[in-house]
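*Asks:* Residue 203 in UniProt numbering sits at position 203 of the sequence shown, and the numbers go up by one each step. Idealized CB from N, CA, C, for every residue including glycine.
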Amino acid sequence: MIQIENVHKSFNQLEVLKGIDLQVYPGEVVSLIGSSGSGKSTLLRCLNGLETLTSGKIVIDGIELNYTPRVIQQIRRHEVGMVFQQFNLFPHLTVLENVIEAPMHALKKSKAEAIESALTLLDKVGLKDKKDVYPRKLSGGQQQRVAIARALAINPKIMLFDEPTSALDPELVSEVLNVMKQLAEEGMTMVVVTHEMMFAKEVADRVIYMSNGVIEEQGPPAELFTNPRSDRLKSFLKRVV
Ligand code: ADP
Ligand code: MG
1 MIQIENVHKS FNQLEVLKGI DLQVYPGEVV SLIGSSGSGK STLLRCLNGL ETLTSGKIVI
61 DGIELNYTPR VIQQIRRHEV GMVFQQFNLF PHLTVLENVI EAPMHALKKS KAEAIESALT
121 LLDKVGLKDK KDVYPRKLSG GQQQRVAIAR ALAINPKIML FDEPTSALDP ELVSEVLNVM
181 KQLAEEGMTM VVVTHEMMFA KEVADRVIYM SNGVIEEQGP PAELFTNPRS DRLKSFLKRV
241 V
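1) Should the region 53-62 be regarded as contacting the region 3-10, the criterion being three or more beta carbon pairs within less than 8 Å?
2) Quick one: is the Cβ of Lys18 within less than 7 Å of any heavy atom of the ligand ADP?
3) I'd like the span of the beta strand (DSSP E) that includes Ile33, first residue to last.
4) From what residue to what residue does the beta strand (DSSP E) around Phe225 run?
5) Count the C-beta pairs between the region 211-223 and the region 173-188 that are closer than 8 Å, then say yes if the count reaches three, no if not.
6) Buried or exposed for Leu121, please, with buried defined as at least 16 other CB atoms from any protein chain shown within 10 angstroms of its CB.
7) Between Val191 and Val30, how many whole angstroms is the CB-CB distance? I'm expecting something under 8 Å.
8) Could you name the residues of the same chain whose beta carbon sits closer than 7 Å to that of Leu44, not counting the 5 residues immediately before and after it, in chain order?
9) Run the proximity test for Val214: is its beta-carbon closer than 7 Å to any non-hydrogen atom belonging to the ligand MN?
10) Just to confirm, does Leu119 get its C-beta within under 7 Å of one of the non-hydrogen atoms of the ligand ADP?
11) Which residues bound the beta strand (DSSP E) around Lys238?
12) Using 8 Å as the threshold, is the C-beta distance between Leu89 and Ala147 below it?
13) For Lys137, which three-state DSSP category applies?
14) At what residues does the beta strand (DSSP E) containing Arg76 begin and finish?
15) Exposed or buried, what is Ala114 when buried is set at 16 or more other beta-carbons lying within 10 Å of its beta-carbon?
16) By DSSP's criteria, Gly81 is part of a beta bridge. Which residues make up the other side?
17) What number of angstroms, rounded off, separates the C-alpha of Thr165 from the C-alpha of Ile154?
18) Among Leu237, Ala204 and Ser235, whose alpha-carbon lies nearest the alpha-carbon of Val24?
Okay, here's the thing in structure tokens:
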């Protein structure tokens, strides 16, 4: 579903991604872990066209990401949904209006059709009863669940999550992780940058440890967490667990 070949990315003199090779299979849940600054967000942002590559190749669902406006639009409208640390909801729109925005304006769905799908999605994330509320009236966990519903509204084939629970109070983390877990069980292809090692352990099929712009180590969570090989990963796990 995702093919990443020898991807390099620099910001001026700073080389942030130093030759990433990675394939993600349909229905696979991949967790990206690693210290702050290791390039996790940059890699995720390259996958939906928020950053361009310096060199290398990314193919999403058979579409080569050449970063032309047409392809970026295709990727964002039909292939990839993304959820950020900061929920990024439109503050002046209600929950329902947030979720129908992309289907109506980007996908040109009728309002009735967009509302019907949106209500199904809001039900799925447990927030149908909040449909007419503005984001500021919601808790962080609720806002993030709306953000997930909004990302799902384009019916993406892949969902990218960049530290979706990092901005939440601890007691609100699990309600968001549970929604993600449910998505994973339904077979969504997911790439999740997370500091929640429990989520990585329980839900991910594969964990990728990034360090300083390279994939330092990867494997099934049971293996990677119990039997890390590289010293960097060992000391990273000591710090975060
Ligand atoms: P992570 O998500 O693993 O913490 P990032 O991908 O956000 O790491 O950042 C990796 C490095 O790239 C950091 O040193 C960061 O400062 C730098 N960086 C990220 N985005 C930009 C940008 N737009 N311009 C310049 N440097 C950037
Ligand atoms: Mg980041």
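*Replies:* Taking the definition as stated:
1) yes
2) Counting from 1 along the sequence shown, the entry for residue 18 is found at position 18. No, Cβ of Lys18 sits at least 7 Å from all heavy atoms of the ligand ADP.
3) Locating residue 33 in the sequence shown gives position 33, where the first residue counts as 1. Element bounds for Ile33: Val29 to Ile33.
4) Locating residue 225 in the sequence shown gives position 225, counting from the first residue. Here Phe225 belongs to no beta strand (DSSP E); instead the alpha helix (DSSP H) covers Pro221 to Thr226.
5) no
6) Here residue 121 is taken as the residue at index 121 of the sequence shown, counted from 1. Leu121 is buried by the Cβ-count criterion.
7) As a working mapping, residue 191 is identified with position 191 in the sequence shown. As a working mapping, residue 30 is identified with position 30 in the sequence shown. With 8 Å as the limit, Val191 and Val30 qualify as a contact, their Cβ atoms being about 5 Å apart.
8) In the sequence shown, residue 44 corresponds to position 44, counting from 1. The answer, listed in chain order, is Leu160, Asp162, Val191 and Val193.
9) This structure does not include the ligand MN; its bound ligands are the ligand ADP and the ligand MG.
10) One-based indexing of the sequence shown puts residue 119 at position 119. Every heavy atom of the ligand ADP is 7 Å or more from the Cβ of Leu119, so no.
11) If you number the sequence shown from 1, residue 238 lands on position 238. Looking at the DSSP string, Lys238 is not in any beta strand (DSSP E); the run it does join, the alpha helix (DSSP H), is Asp231 to Val240.
12) In the sequence shown, the residue the question calls residue 89 occupies position 89. In the sequence shown, the residue the question calls residue 147 occupies position 147. Contact: yes.
13) Sequence index remark: in the sequence shown, residue 137 carries index 137 (1-based). Lys137 falls in the helix class under three-state DSSP.
14) As a working mapping, residue 76 is identified with position 76 in the sequence shown. Counting along the chain, Arg76 falls outside any beta strand (DSSP E), and DSSP gives it neither H nor E.
15) Stepping through the sequence shown from its first residue, residue 114 is reached at position 114. Looking at its Cβ environment, which holds 16 or more other Cβ atoms inside 10 Å, Ala114 is buried.
16) Looking up residue 81 in the sequence shown gives position 81. Its beta-bridge partners are Met159.
17) Residue numbering aside, residue 165 sits at position 165 when the sequence shown is read from its first letter. Residue numbering aside, residue 154 sits at position 154 when the sequence shown is read from its first letter. Each residue's alpha carbon lies about 22 Å from the other.
18) As a working note, residue 24 is residue 24 in the sequence shown. Comparing Cα-Cα distances from Val24 to each of Leu237, Ala204 and Ser235, the minimum goes to Ala204.
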